[in-house]
Each structure stands twice: as C-alpha cells, then as structure tokens.
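Below is one structure; the comments refer to it alone.
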Amino acid sequence: MGVSKLLAWQSPLCVLAVLIGVSSRMPGAAGFDQPITLFAFGQDDEVLEPGVPSREMRLSFPITVASQLYSSVYISEDGLLSFGHPPSNYIMPLESNRLPSVAAFFSDINVTALDEGKVYFREETRNIEALIRFDNLVAQYFDEDVTTKSMVVATWFRVSPSTRQERPTGHNHHETDRHAPTEKNTFQLAIGSSEGRSYAALSYPAGALGWAQSTASPTGVNWAQAGLSDGKGQKIIFKESGGPRMLTLDRRSNIGEKGTFLFRLGPLLESAPPPPSSSTSIGGRTTCDLNDDPCHPQAQCTDVDVSERSVNDGVPSVRNGGVRGFCCECARGQVGDGYLCLDEGAIPAYRIIGHMEGELNGQVLGYTDIYGFANASSGTTFLSLTVQQPDLANNIQALFAASGGVHWMFGRTPHGGKSGFLLSAGRFNRSTEINFLQDGSRVTIEESFQGLTFENMIRVNTVVQGKLPSIRSSLRLQVPEYVNVFYRTRPGELRSNSSQQLQFVSESSHTYHNPASAEEPLDYNVLQSIRFEENPCDEDLLDDPYKVIVNRASVRTDERSAPARVIMHAEVDIRVANLAKDPCDTADCGDAFCVPNGDSDYRCLCDHGAEFRRGKCVHLAPRVRTCADSGHLLQCQRNAVCVDTSRGPFCRCEDGFHDTGNRACERVGAQPSVEGDPRVHGVASPVAGGGPLPETCSRPCHPMAYCVRNGPEATCRCMEGTIGDGISECRLVTCHDDPQLCPSGAHCVSASCRCMPGYVGDGSQCTKEERFDRLRHMADRLIYSRGMTILELPTVPSGQQTPARLIALGDDTSEIVGVTVDCDHEHIYWTDSINGKIFRSKTDGKYREEVISGLLQPEGIAVDSSSRNLFWVDSELKKIQVASIDNFAHTYTLVEEGLDSPRGIAIHPQRGKVYFSDRSLTYPRIESISMDGTDRTELIRGDLKVPNMLAVDSEADELCWTDAGRKTIECVSLDPSLAPIVGHRRVVYRSDALRSKLFGIATYQNRIYWTDWEIPVVYMLDRANSSGSGFQPARFLPMSGGSSRLYSLALAPKHCPRVRTPCEIRRGDCPFMCLPTDSYGRSCVCPDSVRMVQAIKLDSSSSNSFIHPTDRPTKSLIAIGSLM
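Encoded structure:
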C-alpha cells in the first residue's frame, strides 16, 4: 500500500501516521503520571490481509526468547505474536499455549470490516529516535544500558470482535456494516532487541478498549487474554486475563505508567520490577484517584470511608487497611460488582467446572470432576460430580449441601437485591460444616470459586474431609424445601446456620407404605461461611438478612456408566431485607440452637442424644422399644420380618417378596395363590395379633380389593385410595370424587387437578403466577434446543438483538434433539436422544418431569393439544409412536415396519395426519399416515438427500422441511387438488454456506425459522416480504452455549390457535386413546401394553369383539366414521 493511499484512507489515521506517537489521556481520570504514547504506525507499515489469520515477517535482526534466537515472527489477527511457528487458528487458554509468544489482547478478532479493523506491522531498524525511546524505557525500569538494534512494532487499530456471520455476497455487502459491532479496540506491541536480549512493551491507550469478549468462538463466549510464554514452560499471565478486567488494561500497569506493561523476553522471561514509589499488589492505593484496580469502564467510582474495613482471609481485596476506600457501581440499567457489569434482566447462564479432592469414609477420593450449569435469571442450578469409587457413589448423595455455593450465586431475585454472582463476580471462598444428627457423622467442605475463566465459565476447586452416613442403593432421595439465612458478620463475610433434611423413598416395593418408614430421613445441620471481596456499594444491601430458598431440589446417582455420577438439581430464590426476616429472631429455644425451617417456621435443635422438650434440651436414654423387647413384640405376617427404627418396630417384606398393598407379602413375579391371599376369592388369612378372617367372601373380589369382616359377613372392600363396589370395580379416587384432593389454587377438570387462571404448576402444586411471568407470556416466543438446554427468543429479531434466555435444562449427558410446545396446557416436551427419554416442563421451565422412558434414540416430537396426544420418532427402534398425555403408560405404535432412518415428525390435527421423514441412504423420503396408523402414503419421493425436521404451516396448508444434503428448505401443498399442478413443491431457501447442515424448522405467521448444525444462529425468513432468489434471511444473535449443536424449534404463541378435533371432548368417549382421522373421524385404540381388551364399537349395529394389539391388520382400533 502506497503512502498516498494510506493517508487518504481515513482522517484519524492521517494524524497517527505523521506523528512520532499518539498521546491519549483518559478523560476525567486522575493519577496519570504521563500520557500514553504509541510508537508511530501506518506509514510504510505492512497490513495484514483480510481473511489471513497470520503472516510471517522475516527479521534482519533476531529476537531472543529464553536464550533462543528467532529470525522470524508471526503476526496474528487475534492479538498475538508468536516466534518460530504460526499460532493455532483457534482460541485456546493461554495456560495451554506451548508456543513462544506474546499475547497483547488474544481474542477472536475481526479485521474484515470495511474501512476499519486493520493490523499494521513492521521491523524498525532506521528510525533512531524510536529506537532510543525504547532504550530509555528499558533503562528506566530494568536499570540496564541497552542499544536497541531492531524493533518489531505491531498495532491493532480499531479492531472488532468477530461474530462469524456468513460473509454476504453481491449487492448485499452492506448487511455486514449494518450489524457490525460498534465497540473497537486499539493496542500495540513493540519488541526491541539487542545482542542476546529482547524486551516487550505492551501499550493500551486510554479509552481505546471498547470490548473484552468475543461471541464467535466454537466454544461460545470467550474473554480476551493477555500474557507471555517462552515456549519452555515459563509463562506470565496477566491477572486481568480471561475476565472483565481486560477492559481496564488502559488504566493498569506493571511499571506505574497507566496503560503500559514492560517485560524481558530473553535471556529470561520476567516482568519489569515496579518502581519504588509504586505498588503492584492489589490494595496499594485505596482511593479512586490512586486506585490501581480500576472499575469497569461503565461503572462509577466513588470514594467511601472504610476505616473499619479489613482484608478477608483467603480472598484478594482491593483495600489494604487504608483509612479511605472506593466504591465501584455499575451504570443505571446494569448490575454487577463494579468490575463485571451486565445489562439488567439479561444475565446469561454460566457453566461451572472444577474438581473435588479429599477423603471420605476413610477413602481417598479419585479424580472427581465437577460440572454444572446455572442461570440467575431463572434460578435454575445443576451440578454433577463424578465418583471413581462405586461404593461411595450413593453415600455422596448426602453431600447435597455441597451445591450451596452455586445456590447462593445463582438464586433468582424476583423481589430485588443481588444474587451472589452479582455480589462477587464468582470469586469467593466457602467453608461448610455438615453435622448429621442420627449417627454424628461430620463432613467439612472447603471451596474456592475462582471467577470466570476465559471461556466464560466459573471454576471451583473443592476439598472435602470426613464421614458420610451410609445410603442403600435401592433408595431414592427427596430434598424438601429449605432455607439458608445469611448474616453479614464482617465486611465481605456472610454466615448461615440451617437445618436440612434428605428423605428416602424406596425404589422397590419391599417396604410397607405406612407412616413408619423403614429408613429415617437424614437430618443434618449446615454451617456456612462465604468470604468475598465486598463492594462498599453493596454495604447497605448486605446489612440486611440474606435468605436463600431452595425448592424443587433433587439428588440422585447415575451408575449406568463408569464412573458413576451424583447429580444435584434445584430451583433457588433469594430474598433480602424484610423478605428475608429470620423466624429465629422471635423464637424461644432456651439452651437449644435455633435454625430456620422454611419462611416462617423454625426448629430448636439440641446436641446429639438430646431432644428439645418444654423449652430445654433433655438428654435421653436409648429407646427401649424394639422387635425383641417383651410386651412390644410385633407379629408380622408370613414372609415379613420385624426391623427396628427410632419410631418403633416395623414389618418389612423379605427379599424376593413385595408388599401387595394390604400388609401382605407376595413373591415377586408369582401369580397370586389361592391359599392365604385375602384378595383372591376372598380366602381368609391370619393377621397380626388377631384370629382368622371369615371363611370366604360370597363372590370373588376385584384384584384391587380384599375380603374384610363386616359384622357377621365378609365383604369385598377396595384398597385404600380406590373406590368401587369391590367386586366389579375398584378405581383410583380422583378429584371428581373428592374435590378437596386439589391443592389451593387448583380446581378439578375432567377428573384431574389443574391450576386456575393466575396460577402455575402441574396441578399437584400451584403457585401464584408472578407478574413478570405473565408479561413474558404476553409475547410470542420461539423455543429451541441446543445440547442439553432449551432456550427462548422473540419471534422477530430486534435491533437490540436480545440474547437467548435459558428456560429448561436436561441432565449433563442429555442431547435434546426434538422439542414441541403444548400451547393449551402450557407445557414444553422434549426428547433426550442419549438417555432414551421424553421430558416435559411448564413453558417457563418449572416443574420438569420425566414422562416416558425406555426408548433408544427419540428424535422428532409433536403434540396434539386438542386430542391430548404426544407423537415421536425413535430412530434406533425404527418406530413412530404416540402416547396419551393423560396417561403416558398408554403408548401406541403407529409404524414399525419399512423404516430405515426416521427422524422428523409433524402433525396436522385438522386433517388427522402425521408426516415423518426417513433419511435412508438408499431411498430418502417423506411419508404420511393417518393419526391412527392407517393409510400410509409416500408424500415426497425423489430429489431428497438428507430430509431432517418437518413443520406444518396450517395457515397455508403446507408441509415444509429441511434437507441437509441439498442445503434447502422446501414446502409442498397439502391440498390434494393441487397435487397435479406444477410447482406445488418448491424450494423456499437454498444455503450457499460451505459447511451448512440445515436441521430444525418451524413456521408461524407466514415466517419460517430454521437452525443449522454447523452455524450457531437461528434464521428467519418472512415469506410475505421476500421476493427473488437474492433475498437474505434475518439472523438472530449468535447463540451462546459452548460447542453444542442447535437442533429443533417450536413456537409458543401468546394466543393459542383453536383446533377442533373429534377427540377433544371426553377423549372422544374412548376408553384408552382417541386418535383423529381424516374427514373429522376418530379411532379408539388400545395401548401396546394391553395384552387383550374388549374393543367395543360405538356403532350400535356392530357386535362386541376381542382384538389383540399385535394384530396389525386391525391395529387394535375402533374406527369411528365422520361425525359431521
């Protein structure tokens, strides 16, 4: 590039090119010893070409790095210089970098934007003034007399973070400018060399750093990094590297000159010593004017009186005992600790990684990984621990309190206040002591949360020590809601003491279901101390009680593969001030210790071996009531044994037997015997402590009834929880029989409890819907799956590019491929293709539950809200199946023959049709069937390669699909009258991206949405406003979420479309399942699990018949003709 062309390129650069350096001072900032001066750049410099990740520059004088001479240097567009070898083409943590290199601002940088974003470089050997200036800089801070022979100067001028959007073509090139980031960075790296010695000076002009994150990395959002490596293991990593403090490098230094850092590269890698008048340790300067740990650029710094503040043990503090301090407060509309400032209401979800070590129950823990996921916007937390020792896996479930640090960080704050993450930016230490009351076991946990990594994850290191109670593998744990109330005991320290409990539920049926459980709940106390660098701006907030409410929590062990995993999940709310009032403040526990137990209750706890009675702790003698004690002998029935519990003796079925529900034990898998079984033909059997029952009941009892004495006669009585005459009928009691079965906020609808308007829940528990939830539901939403997460977006990309919001979370091994929305009942359903399960939750992500298991690889999924049926594809089983959402055990197979590699599914309830794709390598196709499995037809054949997902546009009466092989989105009319017309099948969009693999698809209001496996973007095409082949689809903000693929999409409209089917009322009067068919007909089908049922045709002219469900010609169904 000639000088004349360069000077004409842009006026600001003209100034840079003609000056020896650029002086810039941060506006309004005090404490600058002198202005920052960049070495001249631009004129006679080489420029890194757009699209070239790095360029080698041969040197006339070598650079010395750790006694190694290098005759060339590689300049990377990503803010790094390497020696001897080109840098990698991807962003890695500097801790893993093995190349000799200097990273000035290592991130995914875009240098392709027109008129901006340039990287200039040169080797300077003739500009004596510049070389002498570098000599003076080295002499001043290293106290060495050097004569610089050569200086490499690399300048990144007004560069932007890369977003990896596809480059536009043709006349649409202006599209990049319209969406280009407005934040720009300018920084410079100068390396001066003499005989056997080289030095590096890194310069960041004041106000020249506008961004510190890139959203285009294959691993998601990454923080920029800075540091040096000699390629032999010695590294210097900036303490600001990989976090939000990278934005403040223009106000930091290792030599006392703001924005300048100086290092020796060779013969040894080392930092310049600080000047005598400076302190590089955090805390040397404690006012805004002299602060060496400046706030976020958009935060306000204010001096405050901190004369009584102290440094927290183990947590770095910006205060060092001075009489004054400073307060960093994020700007209006933002929240954070003053160093990390996030837009209010748009807090992203974060992954948590780390490891656990220590000793439990006398065993040294093997390498234990910690993996988690949490979101303060929704209060959802997930934590998984790998356990190398199989015999410890079940016991480690008792360490549920180990997830308390994550709960404190990411609790939801619907009533105001800050989550722990916004208070600490994820940097804090936590000490926990767990005391189990039953057996005196004790465990201590020491955790160090180290804040955000460069990959935007939170790292934690954990050390555990102690003894855990034993938990049998046959038991499942429940975690009741509990509360931790934290109090600020000194600046930067919060303490809590709470009572918690783990309850047991037997996964087998070996235990009687009576009030005396064979396994007592695990009661334990949890003492916590959290220490972090407190922002004085939060002092008033922390003076009030800080309540962490943990609900809908669960813990379980997954031993399906080695090593085993302990999985912890919870939903957390945080309340402060009056909302966090401690019930113990008004409690009278005498000499006992008071701990909160819920929002308004409390418990008075005594030491082990004592109970709280009449206002004081009373030490108790060991209980005397046992199975062996005379006078307390419990007469158990046959095949049962007596076991001792703290609540007294208890009868439990022996191994190989299970409880029949009426305190009798029956061999597992055995047919009921006539002798001794009170349920079969009313035969009497002995009971504990009493004589025999009457001889027999006059008639055989129902299988769910047993024969009981009723005065002088014996009658059949339905078992508890059922209702009927005991002979011909015993059915479960529903809210139709007893409306009081429904909780507060619910009412009985069609014999099931449903939440009333203004409440949310699954019917068994309903909570009042909060205002912000209702407001969110007033807008149309786009739901999509990525990896183990389900997220939502607005249906139209906005100018502000609203980031995706996490609404649901699978297990850490989940791969959520299919997703669908039941608008009428406010549910989201999704398929977990790895674990072979189907889950659902409310549309706000609450009340997640597993509804179907035992599948192999479920993928596509669709729901018919009106008929209350759920359809899915299992690509491994090669089946198309449907289940009733009223009873998921009622599952019916629609197609199980002639499938090769099925994936996508879509339904058209008005037409009574199901459409599915088959990605067969030899014969890819799209087929249709009636919803009852009949009338199978090939809809699309030929000109298909890899048909993935399908979507029905009911407004246009079209079926649309993605084809990853053809890279197309195509649609076809479903109107049979249009089939002969040319063009009824057409290509709506064709991708020209080289690595494109179109996958998910959804339609809404004449718009088509789709995802791509290879590109982390959701696309939208508005067919009403598109014309011509050159139309470019709109794109939503690139999605965060690591390297996981984007899969399916679904719409959650604010107004549910009204769909009429013959199955919507009373399930079409079908006994099991009602499936719509064409011409507004319906079929009553029997589930696959029913071995033989009597199918009764509703046509009065038909006779009754028995139809076997495996008789596929008849399909175990009753066809009902048109009702029109």
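Quick note, the sequence shown lines up with residues 96 to 1219 if you use our numbering. We put the CB at the ideal spot given by N, CA and C, even for glycine.
Nearest to residue i (by Cα), restricted to the options the options
i	options	result
Asp832	Pro838, Cys843, Arg733 and Ser839	Cys843
Asp969	Asp981, Asn1043, Ser996 and Ala978	Ser996
Val713	Asn734, Cys737, Asp686 and Val736	Asp686
Thr986	Glu971, Trp967, His1079 and Lys941	Trp967
Ala546	Gly449, Ser1049 and Trp925	The question names Ala, but residue 546 in the sequence shown is Gly. Nearest of Gly449, Ser1049 and Trp925 to Gly546, Cα basis: Gly449.
Gly322	Ala225, Ser196 and Arg900	Ser196
Ser591	Ser656, Arg525, Ile553 and Met552	Arg525
Leu1054	Lys1062, Gly1060, Leu480 and Pro1071	Pro1071
Ile465	Ala471, Leu480, Glu452 and Glu454	Leu480
Leu143	Phe252, Thr463, Gly587 and Thr382	Phe252
Ser656	Ser793, Ser565 and Ile929	Ile929
Gly433	Leu385, Phe421 and Ala488	Phe421
Ile1227	Asp139, Ala957, Ser543 and Val399	There is simply no residue 1227 to check, as the chain begins at 96 and stops at 1219 in what is shown.
Met552	Phe495, Gly467 and Ser593	Gly467
Arg1146	Glu944, Lys1008 and Gly1095	As written in the sequence, residue 1146 is Leu, which differs from the Arg given in the question. Nearest of Glu944, Lys1008 and Gly1095 to Leu1146, Cα basis: Gly1095.
Rounded distance between the beta-carbons of residue j and residue i, thought under 8 Å
i	j	result
Val52	Leu563	Since the displayed the chain opens at 96 and closes at 1219, residue 52 lies outside it and no answer follows.
Glu550	Asn317	6 Å
Asp927	Gly905	6 Å
Ala161	Leu175	17 Å between Cβ atoms; not a contact.
Ser1184	Ala1001	With a Cβ gap of about 26 Å, Ser1184 and Ala1001 do not count as contacting.
Asp1117	Ser1091	Rounded, the Cβ-Cβ distance is 20 Å, inconsistent with contact.
Ile1103	Val1082	Between Val1082 and Ile1103 the Cβ distance is about 12 Å, and since that is not below 8 Å, they are no contact.
Phe136	Val248	6 Å
Rounded C-alpha distance that separates residue i from residue j
i	j	result
Ala234	Thr243	11 Å
Cys689	Asp639	19 Å
Pro1019	Met341	52 Å
Cys632	Glu424	6 Å
Asp668	Arg585	24 Å
Val1067	Ala1046	11 Å
Ile62	Ser245	Residue numbering for the chain in the displayed model covers 96 to 1219; residue 62 lies beyond these limits and cannot be assessed.
Glu761	Gly751	8 Å
Ser1086	Glu1109	12 Å
Pro834	Cys848	9 Å
Leu284	Phe200	10 Å
Thr132	Arg150	26 Å
Cys1165	Arg1177	9 Å
Ser288	Pro182	22 Å
Val914	Phe1131	19 Å
Ser171	Ser177	8 Å
Thr557	Val168	41 Å
Met1187	Val828	Residue placement at Met1187 is flagged as unreliable, the pLDDT there being 37, under the threshold of 50; a coordinate-derived value is accordingly withheld.
Glu887	Phe934	17 Å
Asn579	Glu588	15 Å
Thr810	Pro616	38 Å
Residue i, buried or exposed, once every other Cβ within 10 Å from all chains shown has been counted against 16
i	result
Arg1006	buried
Arg153	exposed
Ser514	buried
Met883	buried
His1150	exposed
Lys327	exposed
Arg1155	exposed
Glu992	exposed
Lys213	buried
Val710	It is worth fixing the name first, because residue 710 is Gly in this sequence and not Val. Gly710 is exposed by the Cβ-count criterion.
Ile204	buried
Val1180	buried
Gln952	buried
Cβ pair count under 8 Å reaching 3, the stretch 502 to 509 against the stretch 529 to 543: no
Touch test, the stretch 456 to 473 against the stretch 482 to 493, Cβ-Cβ under 8 Å, three pairs minimum: yes
Segment contact, 8 Å Cβ cut-off, at least three pairs: the stretch 182 to 196 with the stretch 291 to 298: no
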